[in-house]
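Mapped onto mature numbering (1 follows the signal peptide of the UniProt record, and there is no 0), the consecutive letters of the sequence shown carry residue numbers -22 to -1, 1 to 376. For glycine and all other residues, C-beta sits at the position ideal for the given N, C-alpha and C. To start, the structure under review is shown below, and the notes come after it.
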Amino acid sequence: MKNSFLFSRISLIVLLSTGLMACGGHSVLSSDDDSIMNTKQIKSLIPSHVRQRDSWAHDMNEIMDTLKIEKSKENVCSIVAIVDQESNFIANPQVPGLGQKAIKEVHNRLEEKFTDKLGDKLGRAVAVYFQDVLKNQPTPNNSYLSQMKKVKTEKDLDILYRQIFDYMTKHYHVSAITGVAKFVGQDIGERMNPITTLGSMQVQVSYAQEYNRNNLNIYQLRDDLYTQYGGLYYGIHRLMLYSTDYNKPIYRFADYNSGMYSSRNAAFQQSLKKLTKMDLALDGDLLLYNKDGKPQNAKSQSEIALTKLFSENGIIITPKKLRADLKEEKEQSFENTQSYLAVQKLYQEKTGKKPPYAIMPEVIISGPKLSREYNTNWYATRVNTRYESCMRRARNLH
């Protein structure tokens, strides 16, 4: 199960494929086809409730040109659907009750978050200090805690956390706690900042860092993500610039929520589950991951099932090779690995059917910004409804 919290969201290691494809396998490379849309046509596909449609359409047009993404109706509507779902086309939207939700998260999950990052001993000590800073700094009458209650947007909360961690970095040395040197550092604010997905398309900061377009420092990059252009740029980059053979855009929408190739990997898990009769999660993660996105040494149930399947069917593959194959699960190249091809072949032989290429990942979405738990199917279905509405508008264009 994957959970998306205000304080934490699983970081994915993402590499671009050399052959760039859009939804359903359409090329995202520029072309001179008559179906290529201009700024005026893009504007007409943006929902009428959106303010400054001209500006949003201009930025979308420019970014798609910059990234060499074909401005087909399908591609434009995919982007429109995600932006509308994530923010209703507001660069830095207000989140109802955000201040109270943030305070609740601090009270309920603070120590857990610090111990995850800093270890049990130092984490607990720093969590106590953090609580004291919240209640008494910068002044008791205008504490960070009282300021937190008043935040309206994610950017407000983000900037407040930056101020808190800047204060802690400068003042923490006065506290005589063993291991303080591990805490104080240039990146402490970024390591501990709970705001990890930003902007109108809710892009992970780690992804934007990997594809930093202007060599910005981390604060500048965060601020850029809250702008209309910056939020669109990194969101479009994340949504469109990887290759798949999905026959429906809904699977790309699911990937946007639960991770690149989650839909393909969930289908792989489903095939594996049917072949081994093991109770496998269909979450699209074939390995176990640490909170920093790195694979754990421990074997996942999918890896154990593969070992069992290959052993029972006389397929020779070393544990090292199997692990190497699974490490490619976030790339299209996984489809060329010995493990992937062997499962496809066994499924065909034993069932007489072609294995599914993609299914909806079974992933829970939860966090303080949500009123209740949802799942990836809920998210992708909502986005797909917006996509289909956009495509109806597109078919009426002249």
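If we call anything under 7 Å between Cβ atoms a contact, is Gly167 one with Arg200?
no
Distance, Cα to Cα, Tyr352 vs Ile343?
5 Å
Considering only the alpha carbon of each residue, which of Asp270, Phe231, Ser278, Asp257 lies closest to Leu264?
Ser278
Cβ shell of Ile293 (< 7 Å), same chain only, five flanking positions each side left out
Ala320
Contact between the region 20 to 39 and the region 56 to 67 is defined here as three or more beta-carbon pairs at a separation below 8 Å; is this criterion met?
yes
Starting from Glu327, trace the alpha helix (DSSP H) both ways and give me its first and last residue.
316 to 329
Would you mind giving the Cβ-Cβ distance between Pro227 and Tyr335, rounded to the nearest angstrom? I have them listed as a contact below 8 Å.
Incorrect: roughly 14 Å between the Cβ atoms, too far for contact.
Considering only residues of the region 176 to 231, which uninterrupted alpha helix (DSSP H) runs meet the minimum length of 4 residues and lie entirely inside it, listed in chain order?
183 to 188, 196 to 203, 206 to 218
Hey, would you say the C-beta of Met256 is under 6 Å away from at least one heavy atom of the ligand MN?
No copy of the ligand MN appears in this structure; indeed no ligand is present at all.
Return the first residue and the last residue of the alpha helix (DSSP H) that Glu64 is part of.
51 to 65
Should Met338 and Asn362 be called a contact, given that it needs their Cβ atoms to be closer than 7 Å?
no
Taking the Cβ atom as the reference point for each residue, do Tyr212 and Ala186 lie within a distance shorter than 7 Å?
yes
Taking DSSP as the reference, what is the three-state secondary structure of Thr363?
helix
For Met42, the nearest candidate out of Ser26, Ile20, Gln30 (CA to CA)
Ile20
Determine the burial state of Gln310: buried for a count of at least 16 other Cβ atoms within 10 Å of its Cβ, exposed for fewer.
buried
For Pro74, which option in Lys46, Asp134, Leu287 has the closest C-alpha, if you only look at C-alpha atoms?
Asp134
Return the chain-ordered list of same chain residues with a C-beta closer than 6 Å to the C-beta of Thr156, the five sequence neighbours on each side being excluded.
For Thr156, the predicted structure reports a pLDDT of 43, less than 50, and the residue's modelled location is therefore unreliable. A value from the coordinates is still provided. Once the five neighbours on either side are set aside, Thr156 has no close Cβ partner at all.
Going by DSSP, what residues sit across from Gln72 in a beta bridge?
Thr131
Quick one: which unbroken alpha helix (DSSP H) runs of 4-plus residues sit fully inside the region 77 to 128? Chain order, please.
98 to 114, 122 to 126, all fully within the region 77 to 128.
Buried or exposed: Gly330, going by 16 or more other Cβ atoms within 10 Å of its Cβ?
exposed
When the Cα of residue 380 is compared with those of Arg169, Leu176, Asp144, Lys255, which residue comes out closest?
A query on residue 380 cannot be resolved here, the shown segment of the chain reaching from -22 to 376 and no further.
With 16 other Cβ atoms within 10 Å as the buried cut-off, status of Pro116:
exposed
In this structure, what does DSSP give as the bridge partners for Ile343?
Ile343 has Tyr352 as its beta-bridge partners, per DSSP.
Three or more C-beta pairs below 8 Å linking the region 83 to 95 and the region 59 to 72:
no
Can you check DSSP and say which residues form a bridge with Pro273?
In DSSP, Pro273 forms a bridge with Tyr267.
Tell me which residue opens and which closes the alpha helix (DSSP H) that Gln19 is part of.
17 to 23
Exposed or buried, residue 377, counting other C-beta atoms within 10 Å across all chains shown (16 or more means buried)?
This structure does not reach residue 377, given that the chain is present from -22 up to 376, and the question cannot be answered.
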